[in-house]
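Protein chains: 2
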Amino acid sequence: MAHIKLEEEVPGIRSLVLFRPETGQYLYELVQILLRGESTLSEAERELIATYVSQRNECIFCRDSHAAASKCLYGDEKSIVDEVLHDMNEAGLSEKMKTLLTIAGKVQVSGKEVSDEDIATARNNDATDREIHDTVLIAATFSMFNRYVDGLATLTPTDPAVYEEMGKRMAGGYSFPQQTK
Amino acid sequence: MAHIKLEEEVPGIRSLVLFRPETGQYLYELVQILLRGESTLSEAERELIATYVSQRNECIFCRDSHAAASKCLYGDEKSIVDEVLHDMNEAGLSEKMKTLLTIAGKVQVSGKEVSDEDIATARNNDATDREIHDTVLIAATFSMFNRYVDGLATLTPTDPAVYEEMGKRMAGGYSFPQQTK
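Those protein sequence lines, which keep their order, are chains A and B.
According to this note's numbering, the first sequence is numbered sequentially starting from 1.
According to this note's numbering, the second sequence is numbered sequentially starting from 1001.
Dropping the structure here:
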């Protein structure tokens, strides 16, 4: 049961932004621009960074919903998401994406973990300043969402079909929920 | 030196939102509503939660700037901020604030650390659902800002007078920077 009185049967972040729309609206605006706005990282790749950080924070709701969104966006290449969840270093990803996920993994621990060497390695694999910036901000943002969702013990569905449905909706973009579920 | 090319001599979060205003504008909107919007927690208390979490994340820029803002808002009671930074449990705070800071400290580690007992203790000390919610969201939000600011190695001033000046400005509210410094 959630730590505060939230609308029943509404899962995860959705229950929280409905409880407090004044802050929730900006959380949705932020994630929409960060994961769906113009970028040289694909939407699937950005969802993968969110998924990887959420897994490291053991936030099941965020991990499974963003994994589903990433798979939906990867389409035929969706097995990449499971490969990253199993072992990022062995996944069939570009070297650039591996260096960015390495940075995201450090940010999940602490911003101070990111070294000059990590950045140089990403640059040597053609990562731009904007890509490095967005990777750090996505990792920081999901370090927030994971804590928010779990810190208030929100509802975490267990049925994979629920996440698959969520992933399809999320693939289309993030807008403040009009419906509750 | 910062990990990406930011405007020179511009410190901390300010340099990042100027680099990427598309995301920065929502970060400012979020923090304005969370720390300055209508609440039964005072602005000084909310800044104190931000300070406490930033100290635990060892983010000097966020700790010292929000400590300065909190002191400015506490006015005559500003020594409370130093007491919390020294030892929260021994500080001259209400029991309610201690229970909320305990929850914030758990969120800094992981959302999963917050227990039913932590919530019950907060409630027994008259914390409302909205206060518990906002405490968790402030702690989660600063777990994001701390990682963002340090993950890109932004400029951290060392002169206490710089933070005092920042604190005064921040006490007046958060709006997207028109000036750069």
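Ideal Cβ placement from N, Cα and C applies to all residues, glycine included.
Keep in mind it's a predicted model, so treat the numbers as computed, not measured.
Pairwise C-alpha distance: residue j and residue i
| i | j | result |
| --- | --- | --- |
| threonine 121(A) | alanine 104(A) | 14 Å |
| isoleucine 1013(B) | leucine 1155(B) | 9 Å |
| serine 1065(B) | aspartate 1082(B) | 13 Å |
| phenylalanine 176(A) | serine 1042(B) | 28 Å |
| proline 11(A) | glutamine 1108(B) | 22 Å |
| valine 1114(B) | valine 31(A) | 25 Å |
| asparagine 1124(B) | arginine 1130(B) | 15 Å |
| glutamate 164(A) | alanine 69(A) | 8 Å |
| aspartate 87(A) | methionine 144(A) | 24 Å |
| leucine 184(A) | isoleucine 1138(B) | In this structure chain A extends from 1 to 181, so residue 184(A) is not present and cannot be described. |
| alanine 1140(B) | glycine 92(A) | 32 Å |
| alanine 1050(B) | leucine 1035(B) | 9 Å |
| arginine 1046(B) | leucine 1085(B) | 15 Å |
| leucine 27(A) | threonine 158(A) | 24 Å |
| serine 54(A) | leucine 48(A) | 10 Å |
| valine 1136(B) | isoleucine 1119(B) | 11 Å |
| asparagine 1089(B) | glycine 1173(B) | 29 Å |
| proline 1160(B) | aspartate 76(A) | 55 Å |
| leucine 1016(B) | glycine 1151(B) | 11 Å |
| leucine 1006(B) | leucine 1018(B) | 8 Å |
| isoleucine 1132(B) | serine 1079(B) | 24 Å |
| alanine 1002(B) | glutamate 1009(B) | 11 Å |
| alanine 1228(B) | lysine 1098(B) | Lying before the first or after the last residue shown, residue 1228(B) is absent from chain B, which here runs from 1001 to 1181. |
| isoleucine 1033(B) | glutamate 22(A) | 7 Å |
Neighbour list for residue i in chain B, Cβ cutoff strictly below 8 Å
| i | result |
| --- | --- |
| histidine 133(A) | Ile1004, Leu1016, Phe1019, Arg1020 and Leu1152 |
Chain-ordered chain A contacts of residue i [CB-CB under 7 Å]
| i | result |
| --- | --- |
| methionine 1166(B) | What methionine 1166(B) touches in chain A: nothing, since even the nearest Cβ is about 19 Å away. |
| serine 1175(B) | Ordered by position in chain A, no residue passes the 7 Å Cβ test against serine 1175(B), which lies about 14 Å from the chain. |
Neighbouring residues, chain B, relative to residue i (Cβ below 7 Å)
| i | result |
| --- | --- |
| asparagine 89(A) | Residues of chain B passing the Cβ test: none, with the nearest at roughly 21 Å. |
| aspartate 129(A) | Ile1004 and Lys1005 |
| isoleucine 119(A) | His1003 |
| serine 136(A) | The question names serine, but residue 136(A) in the sequence shown is valine. Correct list: Tyr1148, Gly1151 and Leu1152. |
| glutamate 29(A) | Tyr1026 |
| threonine 23(A) | Leu1030, Ile1033, Leu1034 and Leu1137 |
| valine 84(A) | Within 7 Å Cβ-Cβ: nothing; valine 84(A) doesn't reach chain B, min ~20 Å. |
| valine 107(A) | Arg1147 and Gly1151 |
Closest by C-alpha distance to residue i, when choosing among the options
| i | options | result |
| --- | --- | --- |
| cysteine 59(A) | Lys106(A), Gly173(A) and Ala153(A) | Ala153(A) |
| glycine 183(A) | Arg1056(B), Ala1161(B), Ile1119(B) and Thr1040(B) | Absent from the structure is residue 183(A), since the part of chain A shown begins at 1 and ends at 181. |
| glutamate 95(A) | Ser70(A), Ala127(A), Ala171(A) and Asp76(A) | Ala127(A) |
| valine 162(A) | Ala67(A), Val17(A) and Tyr28(A) | Ala67(A) |
| arginine 169(A) | Leu73(A), Val17(A), Tyr52(A) and Lys5(A) | Leu73(A) |
| valine 149(A) | Asp1134(B), Ser1079(B) and Ser1039(B) | Asp1134(B) |
| glycine 167(A) | Ile132(A), Cys62(A) and Glu117(A) | Cys62(A) |
| isoleucine 4(A) | Met1001(B), Ala1044(B), Gly1024(B) and Glu1117(B) | Glu1117(B) |
| glutamine 178(A) | Gly24(A), Ile33(A) and Ala2(A) | Gly24(A) |
| serine 1039(B) | Arg20(A), Glu8(A), Ala44(A) and Leu16(A) | Arg20(A) |
| tyrosine 52(A) | Thr102(A), Gly37(A) and Glu8(A) | Thr102(A) |
| alanine 1171(B) | Met1001(B), Glu1009(B) and Gly1037(B) | Gly1037(B) |
Per-residue contacts from residue i into chain B (C-beta, under 9 Å)
| i | result |
| --- | --- |
| leucine 35(A) | By Cβ distance, chain B contributes nothing, its closest Cβ being about 11 Å from leucine 35(A), past 9 Å. |
The ligand FMN heavy atom lying under 6 Å from the CB of residue i
| i | result |
| --- | --- |
| isoleucine 1132(B) | With respect to the ligand FMN, the structure shown offers nothing to examine, as it has no ligands at all. |
Partner residues on chain C for residue i, Cβ-Cβ distance less than 7 Å
| i | result |
| --- | --- |
| glycine 12(A) | Looking at the structure shown, chain C is missing, and the protein chains on hand are A and B. |
Beta-carbon neighbours of residue i, restricted to chain A and to distances below 9 Å
| i | result |
| --- | --- |
| glycine 1075(B) | By Cβ distance, chain A contributes nothing, its closest Cβ being about 27 Å from glycine 1075(B), past 9 Å. |
query: Of all the alpha helix (DSSP H) runs that stay within the bounds of the segment 1027-1065 of chain B, which reach a length of 4 or more residues?
result: 1043-1056
Interfacial residues, the segment 138-151 of chain A to chain B, with Cβ spacing under 9 Å: Ala139, Ala140, Thr141, Phe142, Ser143, Met144, Phe145, Asn146, Arg147, Tyr148, Val149, Asp150 and Gly151
query: Curious, which full-length beta strand (DSSP E) runs of at least 3 residues does the segment 123-150 of chain A contain?
result: none
- prompt: For the segment 1035-1066 of chain B, which residues have a beta carbon sitting closer than 9 Å to at least one beta carbon of chain A?
  reply: Gly1037, Glu1038, Asn1057, Glu1058 and Cys1059
message: List, from N- to C-terminal side, the alpha helix (DSSP H) runs of 4 residues or more that fit wholly inside the segment 1062-1104 of chain B.
response: 1079-1087
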